[in-house]
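*Asks:* If you read the sequences in order, they're chains A and B. At position 505 of the first sequence the residue is numbered 505 (my numbering), and the sequence of numbers has no breaks. At position 59 of the second sequence the residue is numbered 1059 (my numbering), and the sequence of numbers has no breaks. Where a beta carbon is used, it is the ideal one built from N, C-alpha and C, also for glycine. There's a structure below that I have some questions on.
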Amino acid sequence: MNRIKKTDFIIIAVVLLLTAIVIASAVVGRERTGEGAGVSAPDKNVTYQDYNGRKIGILTGTNMEAESFRYFPDSKYLYFDGYPNMNAALQTGKIDAYLGDEPALKSIHAEQPQIDYIKERLTNNQYSFAFRKNDKKEKKIRDQLNEFLARCRKDGTLAGIDSIWFGADDSKKVVDMTGLTGENGTLHVVTTSTDEPFSYIKDGKHVGYDIDVTVRFCRAYGYKLQIGDVDFAARIPALASGKYEFTTSMNVTPEREEAVLFSDPVSEGGIVVAVRTSDIAGDNSAAEVGFFEGVRQSFVKNFIREDRYQLILRGIGTTCLITLLSVLAGSVLAFLLCLFRRTDSVLAGKICVLFVRLLQGTPTVVLLMILYYVVFGKSGMGAVWVAIIGFSLNFAAYASEILRSGIDSVDGGQREAALALGFSENQAFFRFIFPQAVCRQLPVYRGEVISLLKSTSVVGYIAIQDLTKMSDIIRSRTYEAFFPLIATAIIYFLLAYIISVTLNAALKAIDPKLRRNRKKRGEAK
Amino acid sequence: MSLITIEHLKKAYPGVTPLCDVSAEIEKGDVISIIGPSGTGKSTLLRCLNLLEQPTSGKIFFHGVDITAPNCSIDLVRRKMGMVFQSFNLFANLTVIENIMVAPVRLLGMSKDVAFREGMALLRRVGLAEKADSFPDELSGGQKQRAAIARAIAMKPDVLLFDEPTSALDPTMVGEVLQVIRGLANEGMTMLIVTHEMKFARDVSNRVFYMDEGGIYEEGTPQEIFEAPRRERTRIFIKRLRQLPIRIENAEFDFIGVSSRLEKFGRENMLSVRMIRNIMLIFEEIIMQGIAGRDGVFPVHVMVEFSEADESVVMKIDYAGGRFDPLADGDELSSSIVRRLSAEVKHSYAGGTNRLIITVRQ
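See below:
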């Protein structure tokens, strides 16, 4: 009993420590954020040339890379997979500037006034939807979209959409999802939901300029709509896999035109340089907010507003579903692998070894992407199921090795004793050897399950909105890195703790010694 | 009909053939000790009997049924053949009483209540009733082995196979295990026991197999095997003999060389300095003063034997050349020296060969 209490104390201490870190970081975040500060118009005369030679952030998978090389040839570059991380890096001084689309930066500045941008556009850009090349069906849809865009431009619909999503009135920013009849089939669209105002998550739904245009197009042409969500860099591979017909707004560049088929421009904008407001504004004094009030505001903003906690809950659900089913299926598969390796067949053994080595030698992310984009590319299988298959395979490879070393560690005399008493080989294995192997290896197995839980955080790569992805989505709206990240860490920690406690209970249930001691205590009472 | 009949059993591994051709009959109630030097297939023979080792060829009949036949259900046969291992092999995940109950309950369909009662009775018999709820790793070696014996007899087998049951035990624990086996023998249990405990084998068994040269080299009652082994290798093994053969071709042999061989043999077997001196003196007096001067005695064969069992040294000297007893017919001084140094001297003459057997005084 004493031991259990001691562990509980340690857990409570760790949770308190983490909470303290969260609060402290939230405060730090707030001090840097300075929400509510009335930032006046820039009064320092800063141009993009001033940033050449300083650290520049680049959004991976966009044409900002080439532009950055052009405008900041003497700089050091750091690569990021989305605006939220880049904003955090800009705030904390890891980078001094980055290139971004003007509409996106407008939204960012509205939410987070201490990030601003130099108003001078570096280039004027057109944003188009991209389709898979050399495909008749997709070319037809592209032509329909062009027709639709031309009509909307003429009758002013497009201007109307523009005013909604680039305007200030947040209440208008809703996408009407009704009326998608789908008599001409379903369109699969891949987008990046951390790209406000083009595509983002609000009230738990996909919204944004691009989404609005897409939905209206689908309604007009009798399509149903399914939306996939990946990082910028994964969009073109996702398109190439055939899982999606098109992707939302991309900068049109000659290089990309070789790979994809662009529609007519859906929107226009330009590349601007995002910088810290303090670098370009004369005065950036933040309004003083009380400590607890600051924490409360941060908490409300990240979790309460737009019911964002529901995103977290959904993310936890997805993460748990993938972990749980993968552990179950993976354990069954591991057991079968072990049985195969126990047979006399040399071939079966070699195949099993090959399977294990192959999976152990492949990074999980790469395995997931191969499964999602290549193996099940055209099957239309849901991403969550692909993830479960991927993690099951991966888990099976490790768990079968754990199980095998457990079985090997059981003394051969146990088998002989069972046989000599008249048990068959199978009875000897299942009744005496396997239980001992499981007992010995359960602690290692528990570690592997927790490791699986944590490694599911990469499923964002194949368009799954798990816990990590949900916190990214929240960050992309609130532009606060600290609260969502620390909260996510704590949630993972608690999930891992629950797994640990559950498996420890299982160990107590099956370990003969602990079982006997419990019985003895019961008798003593 | 014998309980077990072994016919021309052969077991070969790649590169080594421990059993070449073994045939034997084992009757109900036999207690057979299987002895012999290591590596002579004692354990292999035992493990072939319940097919833990698959024989290369030959047949084994149990109750008249050929258990080496492919259609024989070996699991059923093994229920009637208990086995006790050198390394105990108690099931580590079960308590002592569970170890004893598991096979009767799972294989014979015995109810748990009955199995528990019978199991506890067995544990009382082997003196382990208070350890019923302990796990194997909480027992001493002797206790483990007694529990393992209880486990084997819980199946009410027709025969028990003991594979070196005391070899892994601390010397202080050997007695308690042998006591249990002795008790079983008194109750008439048929048993085959591979063992290095010679005194025990002699006391408890009615038959002894001495195994060597790929089979049962000599078989007999304990009296026959231990007191009057008929064959040479058996004798060497039983008496735990160390031998030094010396062949002398003529009178001009290398006396100094032979002396140093005698001395080396004595030191290797840790004989006392006095004993070594006695051996060398007897050799000198008998050969140099007694035999070597006579005609037609060569070649002379001398065999020095040290028995570890009774720590005695015997010198056997064979020579030709007509009846001649150096102690009776030879030089008086030499004779008196040899008599003083030896406990017993025997001379015999048969077929033209003199044989002198001298037991050296300790």
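When you compare the CB positions of A:Tyr569 and A:Phe166, do they come within less than 9 Å of one another, or not?
*Replies:* Missing from the structure shown is residue 569 of chain A; chain A here goes from 1 to 525 and no further.
*Asks:* Within the 9 Å Cβ cut-off, does A:Glu480 reach chain B?
*Replies:* Output row for A:Glu480: interface = no.
*Asks:* Taking only beta-carbon positions, decide if B:Ala1147 is within less than 9 Å of chain A.
*Replies:* By this cut-off, B:Ala1147 is not an interface position.
*Asks:* Any C-beta of chain B within less than 8 Å: which residues of the stretch 411 to 440 of chain A qualify?
*Replies:* Within the stretch 411 to 440 of chain A, the residues whose Cβ lies closer than 8 Å to some Cβ of chain B are Asp411, Gly413, Gln414, Glu416, Ala417, Ala418, Leu419, Ala420, Leu421, Gly422, Phe423, Ser424, Gln427, Arg431, Phe432, Pro435, Gln436, Cys439, listed in chain order.
*Asks:* Could you check whether the Cβ of B:Ser1348 sits closer than 9 Å to any Cβ belonging to chain A?
*Replies:* By this cut-off, B:Ser1348 is not an interface position.
*Asks:* In this structure, what does DSSP give as the bridge partners for B:Val1084?
*Replies:* DSSP output for B:Val1084 lists B:Phe1162 as bridge partner(s).
*Asks:* Below 8 Å on the Cβ atoms is my contact criterion, and I expect A:Tyr372 with A:Ala383 to pass it. Report the Cβ-Cβ distance as a whole number of Å.
*Replies:* That belief holds up - the Cβ atoms of A:Tyr372 and A:Ala383 are roughly 6 Å apart, short of 8 Å.
*Asks:* Where does A:Gly317 sit, in a helix, a strand or coil, going by DSSP?
*Replies:* Here A:Gly317 sits in helix by DSSP.
*Asks:* Do you know how far the Cα of B:Pro1157 is from the Cα of B:Met1110?
*Replies:* If you take the alpha carbons of B:Met1110 and B:Pro1157, they lie about 15 Å apart.
*Asks:* Got a sec: is the Cβ-Cβ distance from A:Pro484 to anything in chain B below 9 Å?
*Replies:* It does not: the Cβ of A:Pro484 has no partner Cβ on chain B nearer than 9 Å.
*Asks:* Compare the C-alpha of B:Arg1235 against each of B:Met1211, B:Met1101, B:Ala1148 and name the closest.
*Replies:* Checking every option, the nearest Cα to that of B:Arg1235 belongs to B:Met1211.
*Asks:* Under 9 Å between the Cβ atoms of A:Tyr479 and A:Ile21?
*Replies:* Contact flag unset, no.
*Asks:* Residues in the same chain with beta-carbon distance under 8 Å from A:Ala524, minus the five sequence neighbours each way, listed in chain order, please.
*Replies:* Confidence is the limiting factor: at A:Ala524 the pLDDT is only 42, short of 50, which leaves the residue's position unreliable, though a coordinate-based value still follows. Nothing meets the Cβ criterion.
*Asks:* Ordered along the chain, which non-local residues of its own chain (more than five positions away) have a Cβ less than 6 Å from that of A:Pro42?
*Replies:* With a pLDDT of 46 at A:Pro42, under the threshold of 50, the predicted position of this residue should be treated as unreliable, and no value is reported.
*Asks:* Could you spell out the range, first to last residue, of the alpha helix (DSSP H) harbouring A:Asn87?
*Replies:* Element bounds for A:Asn87: 83 to 91.
*Asks:* Am I right that A:Asp173 and A:Val207 are in contact with their C-beta atoms under 8 Å? What's the rounded C-beta distance?
*Replies:* The question names Asp, yet the displayed sequence has Lys at residue 173 of chain A. Going by Cβ atoms, the distance from A:Lys173 to A:Val207 rounds to 6 Å, so yes, they are a contact pair.
*Asks:* Assuming A:His188 contacts A:Glu258 under a Cβ cut-off of 8 Å, what Cβ separation, rounded to an integer in Å, is found between them?
*Replies:* At roughly 23 Å, the Cβ-Cβ gap does not stay under 8 Å, so A:His188 and A:Glu258 are not in contact.
*Asks:* Taking any Cβ of chain B, which residues in the stretch 501 to 513 of chain A have a Cβ under 7 Å from it, in chain order?
*Replies:* So the close ones are Pro512, Lys513.
*Asks:* Flag B:Asp1325 as yes if its beta-carbon sits less than 9 Å from any beta-carbon of chain A, otherwise no.
*Replies:* For B:Asp1325, the answer is no, since every Cβ of chain A falls outside 9 Å of its Cβ.
*Asks:* In angstroms, rounded to a whole number, what distance separates the CA positions of A:Lys350 and A:Leu359?
*Replies:* Taking the straight line joining both Cα atoms gives about 14 Å.
*Asks:* Mind pulling the chain A residues with CB within less than 7 Å of B:Leu1369?
*Replies:* Past the edges of chain B, shown from 1001 to 1362, lies residue 1369 of chain B, and the structure says nothing about it.
*Asks:* Is there at least one Cβ from chain A nearer than 9 Å to B:Met1120's Cβ?
*Replies:* No - not a single Cβ of chain A is within 9 Å of the one on B:Met1120.
*Asks:* Check whether the stretch 262 to 271 of chain A and the stretch 123 to 137 of chain A are in contact - that is, three or more C-beta pairs closer than 8 Å.
*Replies:* As far as the Cβ criterion goes, the stretch 262 to 271 of chain A touches the stretch 123 to 137 of chain A, which means the pair count is three or higher.
*Asks:* Helix, strand or coil for A:Ser249 per DSSP?
*Replies:* Three-state result, A:Ser249: strand.
*Asks:* Answer with buried or exposed for B:Gln973, where buried requires no fewer than 16 other C-beta atoms within 10 angstroms of its C-beta.
*Replies:* Shown here, chain B extends from 1001 to 1362; a query on residue 973 of chain B therefore has no answer.
*Asks:* Using a Cβ-Cβ cut-off of 9 Å, state whether B:Ser1087 counts as contacting chain A.
*Replies:* Yes, B:Ser1087 counts as interfacial toward chain A.
*Asks:* Since B:Ala1103 meets chain A, which of its residues come closer than 8 Å, beta carbon to beta carbon?
*Replies:* By Cβ distance, chain A contributes Leu421, Gly422, Phe423.
*Asks:* Closer than 9 Å by beta-carbon distance: list the chain A residues that pair up with B:Phe1116, in chain order.
*Replies:* Residues of chain A passing the Cβ test: none, with the nearest at roughly 15 Å.
*Asks:* Give the single residue among B:Tyr1013, B:Pro1014, B:Lys1028, B:Gln1179 whose Cα lies nearest to the Cα of B:Thr1383.
*Replies:* Absent from the model: residue 1383 of chain B. The displayed extent of chain B is 1001 to 1362, so no value can be given.
*Asks:* With three or more C-beta pairs closer than 8 Å as the rule, is the stretch 404 to 420 of chain A touching the stretch 289 to 298 of chain A?
*Replies:* In short, these stretches do not touch, since the Cβ pair count stays below three.
*Asks:* On a CA-only basis, which of B:Gln1086, B:Cys1020, B:Ser1307 is nearest B:Leu1169? Give me that one, please.
*Replies:* B:Leu1169 has its Cα closest to that of B:Gln1086, out of B:Gln1086, B:Cys1020, B:Ser1307.
*Asks:* Going by C-alpha to C-alpha distance, which of B:Ile1100, B:Lys1010, B:Thr1353, B:Asp1203 sits closest to B:Gly1215?
*Replies:* Answer by Cα proximity: B:Lys1010.
*Asks:* A:Ser249: which of A:Phe232, A:Thr456, A:Lys94 sits nearest, CA to CA?
*Replies:* A:Ser249 has its Cα closest to that of A:Phe232, out of A:Phe232, A:Thr456, A:Lys94.
*Asks:* State the Cα-Cα distance for the pair B:Ser1259 and B:Gly1175, rounded to the nearest angstrom.
*Replies:* Whole-angstrom Cα-Cα distance: 44 Å.
*Asks:* To the nearest angstrom, how far is the alpha carbon of B:Phe1253 from that of B:Pro1245?
*Replies:* Cα to Cα, B:Phe1253 sits roughly 15 Å from B:Pro1245.
*Asks:* Can you tell which of B:Asn1099, B:Ile1238, B:Arg1230 has the C-alpha that lies nearest to the C-alpha of B:Ile1035?
*Replies:* If we check each option's Cα against that of B:Ile1035, B:Ile1238 comes out closest.
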